[in-house]
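Going by my numbering, the letters in the sequence shown line up with residues 1 to 93, in that order.
Built from N, CA and C at the ideal position, the CB exists for glycine as well.
Quick notes on the structure that follows.
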Amino acid sequence: MHPEYDELSLWDDAIRLVSENKYDQAIYLYKSMAKNGIDEALVEIGRLYEMPSTATIEQDFSKAATYYKKAIDLSDDMYAYKGYPFSATSVNM
């Protein structure tokens, strides 16, 4: 990540990409943020995988659950639990 390109800029870019239906590109940015310790990005990736399939992303509830679980495992923040529709034990990791 470029020093002048902070997490807030990445987050704004990811939101813009989602609004433009460029979900695969948004996932790329969210994954980049998650690697830099922004656990909330994992929740957003999970939400994108829950959506109906589009030209740029296939609906995949198993992947969604995996990302929600990662967010919960990495964070004690209640935001990680928001929207987590699956039992962590119901998904084979």
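Exercise for review: Quick one: using the 10 Å Cβ neighbour count with 16 as the cut-off for buried, is G37 buried or exposed?
Suggested key: exposed
Point to revise | Spatial neighbours of Q59 in its chain, beta-carbon cut-off 8 Å, leaving aside the 5 residues before and after | key: Y49, E50, M51, P52 and S53
Practice item. Assign Q59 to one of three DSSP states: helix, strand, or coil. Key: coil
Point to revise | Helix, strand or coil at D12 [DSSP, three-state] | key: helix
Practice item. Please report how far the alpha carbon of L74 lies from the alpha carbon of S62, in whole angstroms. Key: 18 Å
Practice item. Could you pull the start and end residues of the alpha helix (DSSP H) that G46 belongs to? Key: E40 to E50
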